[in-house]
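Below you'll find the structure, written out as structure tokens, and then a few comments.
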Amino acid sequence: MDGALALAVPTKKGQHLQVKNYNGSDIIWKSYDVNGDEWFKSKISLFDFSAVETTDEEKSKYLKKLLKSAVRINSEFLSKWKGFKVESRLEFPKEWGLGSSSTLTHLVAEWADIHPIELHFQVSDGSGYDVACAGAESALLYRVTDESVAYEPVSFDPSFSQSLYFIYLNEKTSSDDAIRYYFKKAKGRKQFCKDITAITEKMFDASSLAAFAKLMEEHEDLVAKTLDLEKVKDRLFGDYWGSIKSLGAWGGDFVLATSDKSATETSQYFKDKGYDTCIPYAEMIG
110 MDGALALAVP
120 TKKGQHLQVK
130 NYNGSDIIWK
140 SYDVNGDEWF
150 KSKISLFDFS
160 AVETTDEEKS
170 KYLKKLLKSA
180 VRINSEFLSK
190 WKGFKVESRL
200 EFPKEWGLGS
210 SSTLTHLVAE
220 WADIHPIELH
230 FQVSDGSGYD
240 VACAGAESAL
250 LYRVTDESVA
260 YEPVSFDPSF
270 SQSLYFIYLN
280 EKTSSDDAIR
290 YYFKKAKGRK
300 QFCKDITAIT
310 EKMFDASSLA
320 AFAKLMEEHE
330 DLVAKTLDLE
340 KVKDRLFGDY
350 WGSIKSLGAW
360 GGDFVLATSD
370 KSATETSQYF
380 KDKGYDTCIP
390 YAEMIG
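Count the sequence shown with the numbering used here and you get residues 110 to 395, in order.
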């Protein structure tokens with residue numbers, strides 16, 4: 110969000126959107142979870158995109174904002190006043206915080222024939238790296254500044270990937286809250302971004318697990334110091350043998366862990382701590 114270079118790696122699992130015409134004058138929107146169960150439904154007016162009927166007012170307000178912004182960018186989008194039946198389907202548990210909003214932004218942008226990043230900045234204060242990932246087929250080096258957004262596909266296939274794991278922390282963190290916290294608490298932001306960029310460049314080029322783990326720890330130390338936060342390893346996993354790095358909104362959703370022990374032993378450690386979701390790198394990353 111402040112100009113630091115980021116290494117972003119898209120996940121295998123995402124979200125699908127199916128749009129069909131129907132003989133009506135509204136959008137009938139249904140959302141299904143990873144098990145195929147409906148978790149959200151709304152009847153949306155094509156006049157102002159407000160919810161005529163809904164099972165969740167907050168979700169409907171976000172959809173209204175998303176659709177209105179898409180029309181603002183492309184005035185031809187939804188201009189025919191024809192009804193639509195829309196179904197979205199997640200490939201991961203919605204509580205994971207793995208990109209339900211960012212993938213939806215990308216899908217609506219595809220439907221509206223507009224650039225996903227342009228739509229993102231109409232509806233969110235985040236950096237947009239996750240929206241870029243939603244349409245990516247490889248890892249990205251991503252940078253956003255006040256003047257521009259730049260990202261390029263890169264090859265990132267670490268030889269030590271079998272020693273990397275993603276652990277879900279059983280809680281979904283608000284990205285918006287984390288962004289506000291960052292701008293309120295971050296000290297020396299210009300130097301902080303330079304230091305983060307240097308770590309990103311080294312992580313991208315790391316050739317061994319030991320080097321990668323050291324950089325993970327440097328990143329955690331720097332973020333903790335700058336934002337006055339307790340490191341997630343110190344808070345939850347003080348006796349863990351490997352390195353642990355926060356992902357997402359600093360301390361919520363998932364963490365990345367290194368391990369030189371077997372997958373079974375690694376997974377058992379986190380289960381014993383109450384964290385049942387331990388996903389090997391190859392299962393998470395495409």
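Even for Gly, the Cβ is constructed at its ideal location relative to N, Cα and C.
*Can you list the alpha helix (DSSP H) stretches of 4 or more residues lying completely in the segment 178-244, in chain order?*
209-221, 225-232, 238-243
*asked:* From the DSSP secondary-structure annotation, give me the bridge partner or partners of Ser355.
replied: Position 246 of the sequence shown, counted from the start, is the residue given in the question as residue 355. According to DSSP, which records beta bridges pairwise, Ser355 is partnered with Val364.
*DSSP bridge partner residues for Leu116 (one or two, in chain order)*: In the sequence shown, the residue the question calls residue 116 occupies position 7. Its beta-bridge partners are Leu250.
*Spatial distance of His229 from Gly112 (CA atoms)*: In the sequence shown, the residue the question calls residue 229 occupies position 120. In the sequence shown, the residue the question calls residue 112 occupies position 3. Rounded to whole angstroms, His229 to Gly112 spans 17 Å at the Cα level.
_Min CB distance Lys382 to chain D below 8 Å_ = No chain D appears in this structure, which consists of one protein chain only.
*Could you please give me the residues that DSSP links to His99 through a beta bridge?*
Since the first residue shown for the chain is 110 and the last is 395, residue 99 is missing from the structure and cannot be characterised.
_Does Trp190 pass the burial test, meaning 16 or more other C-beta atoms within 10 Å, or should it be called exposed?_
Indexing the sequence shown from 1 puts residue 190 at position 81. Exposed, by the Cβ-count rule.
*Alpha carbon of Leu336 to alpha carbon of Glu329, nearest angstrom*: The residue you call residue 336 lines up with position 227 of the sequence shown. The residue you call residue 329 lines up with position 220 of the sequence shown. So the alpha carbons of these two residues sit roughly 11 Å apart.
*Thinking C-alpha only, which one of Glu147, Phe292, Lys174, Val364 is nearest Met325?*
Locating residue 325 in the sequence shown gives position 216, counting from the first residue. Closest by alpha carbon: Val364.
*Any chance the CB of Lys380 is under 7 Å from a heavy atom of the ligand FMN?*
You won't find the ligand FMN in this model; it holds no ligand whatsoever.
*Going by DSSP, name the residue or residues bridged to Asn144.*
Position 35 of the sequence shown, counted from the first residue, corresponds to residue 144. Answer is none; Asn144 lacks a bridge partner.
*Can you give me the Cβ contacts of Gly244 inside the same chain, cut-off strictly under 7 Å, excluding the 5 residues immediately before and after it?*
Numbered from 1 along the sequence shown, position 135 holds the residue referred to as residue 244. Excluding positions up to five away in sequence, the list reads His215, Pro225.
*Identify which residue in Asp157, Tyr251, Gln127 has its Cα closest to the Cα of Glu196.*
Working through the sequence shown from its first residue, we reach residue 196 at position 87. Nearest of Asp157, Tyr251, Gln127 to Glu196, Cα basis: Gln127.
*Return the CA-CA distance between Val217 and Asp343, expressed in angstroms with no decimal places.*
As a position in the sequence shown, residue 217 is number 108, starting the count at 1. As a position in the sequence shown, residue 343 is number 234, starting the count at 1. Answer to the nearest angstrom: the Cα atoms are 40 Å apart.
_Would Val258 and Gly235 qualify as a contact pair, given that the criterion is a beta-carbon distance under 8 Å?_
Position 149 of the sequence shown, counted from the start, is the residue given in the question as residue 258. Position 126 of the sequence shown, counted from the start, is the residue given in the question as residue 235. For Val258 and Gly235, no; Cβs fall outside 8 Å.
_Three-state secondary structure (DSSP) of Tyr349_ = Counted from its first residue, the sequence shown places residue 349 at position 240. Here Tyr349 sits in coil by DSSP.
*Check Thr309 in the structure and name its three-state DSSP category.*
Sequence index remark: in the sequence shown, residue 309 carries index 200 (1-based). Correct three-state label for Thr309: helix.
*Inter-residue spacing [alpha-carbon to alpha-carbon] between Asp285 and Val232*: As a working note, residue 285 is residue 176 in the sequence shown. As a working note, residue 232 is residue 123 in the sequence shown. Cα to Cα, the separation comes out at about 11 Å.
_Excluding the 5 residues flanking Leu331 on each side, which residues of the same chain have their C-beta closer than 8 Å to its C-beta?_
The residue given as residue 331 occupies position 222 in the sequence shown. Same-chain partners within the cutoff: Phe301, Asp304, Ile305, Ile308.
*Cα-Cα separation, Met110 to Thr254*: Within the sequence shown, numbered from 1, the residue matching residue 110 stands at position 1. Within the sequence shown, numbered from 1, the residue matching residue 254 stands at position 145. When rounded, the distance between both Cα atoms is 7 Å.
*Counting along the chain, where does the alpha helix (DSSP H) carrying Ile288 start and finish?*
What you label residue 288 is simply residue 179 of the sequence shown in a count that begins at 1. 284-294 is the extent of the alpha helix (DSSP H) around Ile288.
_Ala287 vs Val263 beta-carbon contact at 8 Å_ = Taking the first residue of the sequence shown as 1, we reach residue 287 at position 178. Taking the first residue of the sequence shown as 1, we reach residue 263 at position 154. It is not a contact, given that the beta carbons lie outside the stated cut-off.
*Taking Asp405 and Phe149 to be in contact with their CB atoms under 8 Å, please state how far apart those CB atoms are, rounded to whole angstroms.*
Residue 405 is absent from the model: the chain starts at 110 and stops at 395.
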